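Under full-length UniProt numbering, residues 1 to 299 are what the sequence shown spells out, in order. Beneath this line is the structure, given in structure tokens, with notes to follow.
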Amino acid sequence: MWRLRIGAAAKDDHHLFSTNNYVGRQTWEFDAEAGSPAEFAGMEQARRNFSLNRSRFKTSGDLLWRIQFLSEKKFEQKIPRVRVEDAEKITYEDAKTAMRRGILYLAALQAKDGHWPAENSGIMFLNSPFVSSSFSKQFIRLRIGAAAKDDHHLFSTNNYVGRQTWEFDAEAGSPAEFAGMEQARRNFSLNRSRFKTSGDLLWRIQFLSEKKFEQKIPRVRVEDAEKITYEDAKTTMRRGILYLAALQAKDGHWPAENSGIMFLNSPFFICLYITGHLEEIFTVEHRKEFLRYMYNHQV
């Protein structure tokens with residue numbers, strides 16, 4: 001069960017230090033052994049109610065940590081609720097009782113370091129693109145127009161036409177192909193200050209290799225003072241069309257780099273490292289590609 005931890009570093013947060021003993025710090029931790037069946041049922045009921053009413057009530061009301069705090073402190077509201085009808089006058093005693101009831105409740109929700117926890121979910125809007133980009137970074141080979149093996153949540157009305165995802169396959173490719181990929185990576189890293197885009201070299205190498213492409217039309221060379229003939233233009237056009245046809249995916253589209261979402265990777269990668277969850281979330285190949293990307297795009 002998820003529990004809110006107040007005013008302390010998590011068990012594996014050995015990279016963190018504090019000058020005020022972590023006052024005001026609040027982190028959610030998952031503890032499989034925490035909570036009773038009744039508490040767990042209450043948490044699940046709160047989640048279901050929020051999901052069912054999410055179009056009417058956008059905020060969660062901090063229900064999960066309120067349930068946790070009230071349970072930990074064995075809170076019991078002993079002051080009866082004051083009910084005042086519309087035409088009835090509010091007396092001093094009514095106001096006093098209602099105030100005491102509210103203060104007792106809020107005191108039970110106060111953390112041990114004096115503050116009241118609260119939802120701060122602004123950063124959560126980054127989660128969806130991060131999950132999407134992380135999924136697309138799992139693989140090394142480009143897969144076209146089909147669901148990946150573990151994409152049982154996906155469906156398509158056009159047989160995944162135009163879909164492209166990178167997959168990691170440890171057994172794919174020959175030593176020569178692998179050497180070509182590594183050489184392309186090194187060249188990009190060495191020249192990253194001059195050429196900011198990758199030129200889609202990795203998937204081009206993959207496609208040309210899979211189709212056993214061989215450029216049989218010779219290159220036309222025209223000097224500065226030389227006139228361009230019809231045959232020169234025709235030969236050059238045929239050469240280019242042959243090359244582009246080899247790069248065309250089986251569903252008819254041409255894959256292309258769409259890396260705008262990647263600017264979110266660095267802060268999330270750093271956060272996972274700080275919180276000690278990097279190796280739990282990403283495999284060695286994930287981390288290798290993330291680090292390569294961050295290195296290539298640093299100023």
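Ideal placement from N, C-alpha and C gives every residue a C-beta, glycine not left out. The structure displayed is predicted, hence computed values, not measured ones.
Buried/exposed call for Glu-289, threshold 16 Cβ in 10 Å: It counts as buried.
Quick one: Cα of Arg-66 to Cα of Gly-35, how far? Cα to Cα, Arg-66 sits roughly 14 Å from Gly-35.
Between the CA atoms of Trp-203 and Glu-44 - distance to the nearest angstrom: Cα to Cα, the separation comes out at about 45 Å.
Check Glu-226 in the structure and name its three-state DSSP category. Assigned with DSSP and collapsed to three states, Glu-226 falls in coil, not helix or strand.
According to DSSP, simplified to helix, strand and coil, what is Glu-29? Three-state DSSP puts Glu-29 in a strand.
C-beta contact flag for Ser-209 and Glu-257 at 8 Å: In this structure, Glu-257 does not lie closer than 8 Å to Ser-209 by Cβ.
Is the region 92 to 110 close to the region 65 to 82, with three or more CB pairs under 8 Å? They touch, by the three-pair rule.
As a quick exercise: from Lys-112, Lys-196 and Ala-233, pick the residue whose alpha carbon is nearest that of Leu-4. Comparing Cα positions, the closest option is Lys-112.
State buried or exposed for Gly-252, treating a residue as buried only when at least 16 other CB atoms are found within 10 Å of its CB. Looking at its Cβ environment, which holds fewer than 16 other Cβ atoms inside 10 Å, Gly-252 is exposed.
Can you have a look at Asn-158 and say buried or exposed, based on whether 16 or more other CB atoms are within 10 angstroms of its CB? With a 10 Å radius around the Cβ and a threshold of 16 neighbouring Cβ atoms, Asn-158 comes out exposed.
CA-CA distance, Thr-235 and Ala-249? For Thr-235 and Ala-249, the distance between alpha carbons rounds to 24 Å.
In the structure shown, what three-state DSSP assignment does Trp-116 receive? Here Trp-116 sits in coil by DSSP.
Just to confirm the assignment, what range does the beta strand (DSSP E) spanning Arg-5 have? Run containing Arg-5: 2 to 6, per the beta strand (DSSP E) assignment.
Where does the unbroken alpha helix (DSSP H) through Ala-45 begin, and where does it stop? Strictly speaking, residue 45 in this sequence is Gln, with Ala absent from that position. DSSP places Gln-45 in the uninterrupted alpha helix (DSSP H) bounded by 37 to 52.
Please report the distance separating the alpha-carbon of Tyr-295 from that of Glu-231. Going from the Cα of Tyr-295 to the Cα of Glu-231 covers about 46 Å.
For the candidate residues Val-222, Leu-190, Ala-246 and Val-220, whose alpha-carbon lies nearest to that of Lys-211? Nearest C-alpha to Lys-211 among Val-222, Leu-190, Ala-246 and Val-220: Ala-246.
Return yes when the Cβ of Ala-46 is within less than 8 Å of the Cβ of Leu-63, no when it is not. In this structure, Ala-46 lies closer than 8 Å to Leu-63 by Cβ.
Taking only three categories from DSSP, how would you classify Thr-19? Coil.
Just the C-alpha distance for Arg-219 and Gly-240, rounded to the nearest angstrom, thanks. Their backbone Cα atoms lie some 10 Å apart in a straight line.
For Lys-73, collect the residues of the same chain with a Cβ closer than 7 Å to its Cβ; drop the 5 residues on either side in sequence, then sort them by chain order. Within the same chain, Ala-108 come within 7 Å of Lys-73 by CB-CB distance, once the 5 residues on both sides are set aside.
Taking only the alpha-carbon atoms, compute the straight-line gap between Glu-171 and Glu-177 and give it to the nearest angstrom. Answer to the nearest angstrom: the Cα atoms are 12 Å apart.
Using the rule of at least 16 other Cβ atoms within 10 Å of the residue's Cβ for burial, across every protein chain shown, is Gln-68 buried or exposed? Counting of Cβ neighbours within 10 angstroms places Gln-68 among the buried residues, the total reaching 16 or more.
Does Thr-165 pass the burial test, meaning 16 or more other C-beta atoms within 10 Å, or should it be called exposed? Buried, because 16 or more other Cβ atoms sit within 10 Å of the Cβ of Thr-165.
Cβ shell of Phe-139 (< 6 Å), same chain only, five flanking positions each side left out: Caution applies to Phe-139, whose pLDDT of 35 falls short of 50 and renders its modelled position unreliable; the value that the coordinates give is listed next. Taken in chain order, the residues that qualify are Trp-166, Glu-167 and Phe-168.
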